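Have a look at the structure below before the remarks.
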Amino acid sequence: GGGSPTETSVPYEGTAKENELAAFSSTILANTEDVWGGLIDNYREPTLVLFTGSVASACGSASSATGPFYCPGDEKLYLDLSFFDDMARKMNAPGDFAQAYVIAHEVGHHIQNLMGITDQMQKLRGQMSKTEYNQYSVRLELQADFLAGVWAHHSQQMTRMMEAGDLQEALNAAYAIGDDRLQKQSTGRVVPDSFTHGTSEQRMRWFKKGFETGDIRQGDTFNANPL
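Taking our numbering as reference, the numbering of the sequence shown is continuous, increasing by one, and the terminal residue is 294.
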């Protein structure tokens, strides 16, 4: 790893804080390459695209409101630099490792793409109702949380980069961006049928399972019952 491709959508003079976040994001991405390169034969690295405001991707255009996302069409991971500030201020999930978790989750979607899971999901999309598809989407997202945990497990073995409190930071981030918590904040009520990412408890549990086992085979969220 190390020589990770990073691109910015326009020549951009970032603030000191943004440049710091950009450097940190590139470091974490390089670390994910070291981990997944050791676990997956012929691992193909995703590209990190940092943006502010809005960005065009092979999956369409997106704004800061979208949050971080992975686009399977161009194998790029899109990260809006203001998102980490939002995590710290609005979601009460500050800390370096909370940010690392978000990046590792998006890399988890890249792993799913390489494994053909993303294609299978796309085929299902036209065959079922939105409510049914949402249930599959939750399982896809929880698997990405699990894969983020697998990365953290192996990264810790390789680099000892995690310090006391880092696991809690990641769990706080998983908790902060659970569907039930976000819905309650925005609407005052929780509607499970419209969940696409899983509850806070589910996200924390699957990340923790990945972190504790480090075993990619333990993450079959599609057949897990209960979730």
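Just so it is clear, CB atoms sit at the ideal spot from N, CA and C, and this is done for glycine as well. Nothing here was measured: the structure is a model prediction, and the numbers come from that model.
Secondary structure of residue i, DSSP reduced to three states
i	result
residue 277	helix
residue 117	strand
residue 136	strand
residue 260	helix
residue 125	coil
residue 55	Outside the shown range of the chain, which is 68 to 294, sits residue 55, and nothing can be said about it.
residue 267	helix
residue 149	coil
Beta-carbon contacts of residue i that lie in its chain and below 6 Å, excluding the five residues immediately before and after
i	result
residue 176	137 and 211
residue 130	121
residue 68	Note that residue 68 scores 49 on pLDDT, short of 50, meaning its location in the model is unreliable; the coordinates nonetheless yield the value given after this. For residue 68, where only same-chain residues beyond five positions count, the Cβ hits under 6 Å are 97, 100 and 101.
residue 198	260
residue 167	95
residue 173	135, 137 and 144
Spatial neighbours of residue i in its chain, beta-carbon cut-off 8 Å, leaving aside the 5 residues before and after
i	result
residue 221	102, 105, 106 and 281
residue 128	121 and 122
residue 307	Lying before the first or after the last residue shown, residue 307 is absent from the chain, which here runs from 68 to 294.
residue 148	81, 85, 88, 89, 117, 118 and 119
residue 277	212, 213, 214, 215, 216, 217, 218, 219, 220, 285 and 286
residue 279	216 and 220
residue 294	205, 206, 209, 265, 269 and 288
Alpha helix (DSSP H) segment containing residue i, residue limits
i	result
residue 216	197 to 226
residue 163	163 to 181
residue 185	184 to 192
residue 239	233 to 243
Span of the beta strand (DSSP E), counted from its first residue to its last, around residue i
i	result
residue 294	Neither: residue 294 is in no beta strand (DSSP E) and is coded neither H nor E.
Beta-carbon contacts of residue i that lie in its chain and below 7 Å, excluding the five residues immediately before and after
i	result
residue 139	180 and 185
residue 164	229, 233, 236 and 237
residue 200	191 and 192
residue 92	115, 117, 146 and 170
residue 188	203 and 207
Cβ-heavy atom distance, residue i to the ligand ZN, below 7 Å
i	result
residue 86	Absence of the ligand ZN is noted for the structure shown, with no ligands found whatsoever.
> At which residue ranges does the segment 80 to 112 contain complete alpha helix (DSSP H) runs of 4 or more residues, listed in the order of the chain?
Replying inline: 83 to 106
>> With three or more C-beta pairs closer than 8 Å as the rule, is the segment 234 to 243 touching the segment 185 to 200?
In response: no
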